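For reference, the structure is listed below as structure tokens.
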Amino acid sequence: MSEMEVEKPDLTLYNTMTQLKEVYKPMNPGKIGIYVCGITAYDYSHIGHARAAVSFDLLYRYLRHLGYQVTYVRNFTDVDDKAKNCGEKPLDLSNRFCEEYLLDMAALQCLLPTHQPRVSDHMEQIIKMIEKIIENGCGYAVGGDVFFSVDKSPSYGQLSGQRLDHTQAGKRVAVDSRKRNPADFALRKAAKSGEPSWESPWDLKFPHHENEIAQTCAACEDSGVNYWLHNGHVTNNNVKMGKSLNNFFTIRQIAANYHPLALRHFLMSAQYRSPLNYSVSQLESSSDALYSLSPYREEMSGDVGKTQQSAEAKEMIKKVKNALKFINVSISKLKKMQKKQRMSLVVSLVEVEKAVREVLDVLGLLTTLSYGELLKDMKQKALTRAGMGEEEVLQRIEERNMARKSKDFRRSDRIRELLAFKGIFLEDVPGDTVWRPSTPLTKPKSGLGLLSLSVLVSQSIAGRVKAPLLQSNTGGLVFSKSFNSIYDTSMYGRLQLNNGLARTPQMGWNSWNFFACNINETVIKETADALVSSGLADLGYIHVNIDDCWSNLLRDSKGQLVPHPETFPSGIKLLADYVHSKGLKLGIYSDAGVFTCEVHPGSLFHEVDDADIFASWGVDYLKYDNCFNLGIKPIERYPPMRDALNATGRSIFYSLCEWGVDDPALWAKEVGNSWRTTDDINDTWASMTTIADLNNKWAAYAGPGGWNDPDMLEIGNGGMTYEEYRGHFSIWALMKAPLLIGCDVRNMTAETLEILSNKEIIAVNQDPLGVQGRKIQANGENDCQQVWSGPLSGDRMVVALWNRCSEPATITASWDMIGLESTISVSVRDLWQHKDVTENTSGSFEAQVDAHDCHMYVLTPQTVSHSDV
């Protein structure tokens with residue numbers, strides 16, 4: 001054996017059947033056969049399919065590198081009942097997507113298998129195999145279908161480790177009463193109208209390939225399979241990625257933003273049997289690794305001549321060659337070896353290049369593109385992800401150069417950092433500054449200011465809130481000494497966002513609770529019309545807010561958000577003009593992540609561009625969600641959009657939808673006009689009451705300019721009773737929560753309109769004092785008899801008697817409990833009955849309240865005239 005040769009290692013594989021690592025022993029020396037289950041061809045393939053393909057392509061390449069003669073078979077299931085639903089002839093559709101799949105595989109540099117059989121080409125053999133299974137007593141025909149009898153297969157479940165007596169019938173597949181055993185599976189199914197079919201004794205069509213072991217062993221004495229390998233799934237938020245859950249990304253979608261080899265690198269970044277969670281940050285890292293590797297290959301492509309190798313060079317080459325024993329080769333290790341020993345190994349670059357190329361070839365990362373071509377493609381995709389054009393990057397570089405010349409290093413560093421947040425890295429080289437793609441920066445390095453604070457609100461705002469809590473308008477004492485501690489506002493007014501908006505809680509409508517993703521411009525226009533015609537707009541419901549799913553699934557070639565062409569064909573600008581013509585305001589939705597919750601483009605790293613386009617469209621309100629956030633803390637992700645919105649010069653209400661995960665009341669008042677304090681509300685009594693309690697915790701932090709947001713109203717969606725909806729509206733109004741209608745206002749019931757249009761309840765919510773009411777007392781079983789109250793302007797108080805018990809109850813609010821002087825007399829007005837209950841009450845007030853109902857009252861000191869109010 002020569003000095004440069006390395007002995008071929010044994011091939012060790014993890015056999016799923018035995019659950020052991022075993023040294024591979026071929027049945028025919030020097031030859032290996034691989035059969036891989038291919039796709040069912042009816043749509044574009046997602047990255048879960050890509051992982052299986054890349055995993056076994058890696059094995060195929062490695063086996064060939066070791067010198068084996070490999071027969072690699074990967075099938076296409078081109079006969080499947082899903083195709084019928086696509087409005088195209090099944091075989092035509094399958095043929096089209098087989099070809100699309102092969103294009104995807106070529107982009108990922110997956111080698112073509114030696115054989116790619118299609119089910120439709122082998123129906124005669126399949127029918128004969130099933131006949132053999134029935135002949136051997138392992139299958140039976142029922143009503144045109146043929147089932148495999150698992151009771152005839154003693155080893156059934158051996159591969160997965162499940163026993164028949166432990167499986168749960170009907171867990172994934174509906175139990176068929178025709179089966180002898182619920183676990184029996186279909187070998188063939190009767191053809192349905194419009195589906196391709198083949199003549200057989202049972203008049204059937206072929207379904208998915210499943211249970212290969214059982215049916216093969218039933219038809220043949222020996223299956224010929226000794227080793228079983230399975231790759232791990234790709235997951236999305238730790239849930240298996242799949243089309244049935246609609247939580248997938250196609251290979252094409254990813255390749256639109258990342259070089260396909262970056263996707264390949266990502267798919268190989270975890271041990272092949274382990275689950276791989278989809279991660280944009282990991283894709284960015286893989287792209288960065290691919291870019292970093294490219295110049296390394298380019299540097300070694302020069303003519304270094306034939307020179308004698310040093311002992312050190314030979315040792316490095318030996319190490320690189322030995323690295324081929326392992327499929328999970330670390331590219332970074334090769335780079336470190338190169339970096340450490342570059343000077344001493346210049347004489348041996350030819351051999352090093354050969355060894356590294358072998359490694360890259362086995363990994364499928366050796367591209368035929370030149371370095372320049374690969375660099376151009378990767379830079380273009382980086383610009384797409386950043387939502388920028390190269391001219392804009394060069395302009396920023398020029399601005400930075402000017403700042404450096406004028407010694408404005410703070411601005412220079414700021415420009416560099418802002419580009420780094422978008423994945424654009426600036427590198428200063430002699431006489432020039434160049435840029436390259438990089439993993440986006442997630443934390444400021446310069447400490448300059450993605451978290452820069454807004455200007456503090458004036459003392460007059462804070463004073464306007466606190467003055468009525470200290471003295472009354474009557475010249476006499478109305479409130480008890482405990483009043484200020486009960487209705488603490490000490491955390492309000494210190495850092496409130498001062499953009500002139502949200503002096504009272506926002507009111508309007510949002511599309512999500514009722515329509516979810518089923519929205520279009522007609523729905524929005526009709527909703528605006530209904531708000532006006534119903535009189536709700538005159539009561540203050542002026543915001544018409546579009547939630548998720550309004551945008552196209554991809555940004556345009558300039559990196560801009562675009563409305564979905566089918567659902568919003570006229571664009572947002574014309575829609576905003578229509579809403580404005582009704583005297584209303586238009587709101588829109590985006591996300592402080594790379595995607596929205598429904599996987600449309602998010603605004604993370606696109607804040608400036610997106611804010612500018614929202615302003616150009618005439619948007620008045622932004623709901624900013626929290627999905628796909630790369631693990632970056634909210635306090636770092638939300639301020640950039642605030643700054644971008646402020647920079648547009650347009651007044652845009654900024655609603656943070658952070659779900660209360662990182663206690664936004666502690667920091668969001670300096671960032672937005674309202675902030676979600678809870679998870680999403682559901683149209684149930686349990687959800688609504690739980691969310692009310694969670695929001696109550698943060699009462700001291702809200703006030704004019706910034707409000708706690710316990711999510712939208714569910715009134716009118718049908719999940720609660722009339723009484724429960726009254727409580728919902730009463731408590732949201734008392735808590736100074738945003739009043740955003742979540743039902744279809746085009747088709748409201750009279751009861752729904754009655755609740756939503758209660759002027760006296762709305763007046764409590766919009767009271768200029770702006771102090772959030774709160775839960776004061778809870779008695780009874782599970783604290784179900786509750787008193788909620790809060791101060792209003794004019795020395796008045798609002799009191800809600802909320803019966804969360806399952807039976808009627810008498811609930812009492814005493815003056816000392818709610819912070820009134822015990823001797824003060826008040827008039828009591830019922831806000832649901834719209835009448836004065838009493839004109840002279842002191843000490844306490846009580847009422848009988850039905851189960852799950854809420855009574856709401858305003859208490860006015862007798863000595864205060866209505867003119868003062």
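Numbering (full-length UniProt numbering), first residue to last: 1 to 869. No residue lacks a Cβ here, since even glycine has one placed at the ideal position from N, Cα and C. This one's a predicted model, so the numbers in the text were calculated from it and none came from an experiment.
Residue i classed as buried or exposed, judged by whether at least 16 other C-beta atoms fall within 10 angstroms
| i | result |
| --- | --- |
| Lys633 | exposed |
| Ala528 | buried |
| Ser570 | exposed |
| Pro861 | buried |
| Ala750 | exposed |
| Phe409 | exposed |
| Val686 | The sequence shown places Ala at residue 686, not Val. Classification of Ala686: exposed, given that the 10 Å Cβ count is below 16. |
| Asn695 | buried |
| Lys405 | exposed |
| Glu521 | buried |
| Gly660 | buried |
| Leu374 | buried |
| Val239 | exposed |
| Ser485 | exposed |
| Cys517 | exposed |
| Asp683 | buried |
| Gly67 | exposed |
| Gln19 | exposed |
| Pro704 | buried |
| Arg503 | exposed |
For residue i, three-class secondary structure by DSSP
| i | result |
| --- | --- |
| Glu658 | coil |
| Tyr701 | helix |
| Arg774 | strand |
| Phe845 | strand |
| Thr12 | strand |
| Glu714 | coil |
| Gly305 | Low confidence applies to Gly305: its pLDDT is 36, below 50, so where it sits in the model is not reliable, and the reading given next is rough at best. Three-state result, Gly305: coil. |
| Gln380 | helix |
| Pro861 | strand |
| Gln341 | Interpretation of Gln341 is limited by its pLDDT of 48, a score under 50 that renders its predicted location unreliable; no figure is taken from the coordinates. |
| Ile47 | helix |
| His265 | helix |
| Lys152 | helix |
| His209 | Per-residue confidence for His209 stands at a pLDDT of 32, beneath the threshold of 50, marking its modelled position as unreliable; the derived number appears in the next sentence. Looking at His209 - three-state DSSP - the assignment turns out to be coil, as it is neither helix nor strand. |
Counterpart residues of residue i in DSSP-defined beta bridges
| i | result |
| --- | --- |
| Asn28 | Lys31 |
| Lys835 | Asp830 |
| Pro437 | Ile424 |
| Met856 | Ala800 |
| Tyr42 | Paired residue(s): none; Tyr42 is not in a bridge. |
| Met720 | For Met720, which the question treats as bridged, DSSP gives no partner whatsoever. |
| Ala141 | Val146 |
| Leu740 | Gly508 |
| Asn236 | Val239 |
| Gln786 | Ala778, Trp802 |
| Val393 | The partner list for Val393 (beta bridge, DSSP) is empty, contrary to what the question assumes. |
| Leu290 | Bridge partners of Leu290: none, in fact. |
| Asp709 | Arg676 |
| Asp432 | Val429 |
| residue 871 | No information on residue 871 is available, as it lies outside the stretch 1 to 869 that the chain covers here. |
Test item: CB-CB of residue i and residue j under 7 Å
| i | j | result |
| --- | --- | --- |
| Val828 | Leu801 | no |
| Tyr771 | Gly790 | It should be noted that the sequence gives Val, not Tyr, for residue 771. Yes; because the gap between Cβ atoms is below 7 Å, this pair is in contact. |
| His230 | Pro275 | no |
| Arg385 | Gly431 | no |
| Ser655 | Trp707 | no |
| Leu586 | Val544 | yes |
| Arg396 | Ile415 | yes |
| Leu630 | Ser281 | yes |
| residue 875 | Leu108 | The question about residue 875 has no answer here: the residues shown for the chain are numbered 1 through 869. |
| Val36 | Arg74 | yes |
| Phe76 | Gly48 | no |
(request) Jot down the residue ranges of each uninterrupted beta strand (DSSP E) in the stretch 59 to 134, minimum 3 residues, whole runs only, in chain order. (result) Runs of the beta strand (DSSP E) inside the stretch 59 to 134: 69 to 74.
(message) Just to confirm the assignment: which complete alpha helix (DSSP H) runs, minimum length 4, are found wholly within the stretch 558 to 625?
(response) Listed in chain order, the complete alpha helix (DSSP H) runs (minimum 4 residues) inside the stretch 558 to 625 are 571 to 581, 607 to 617.
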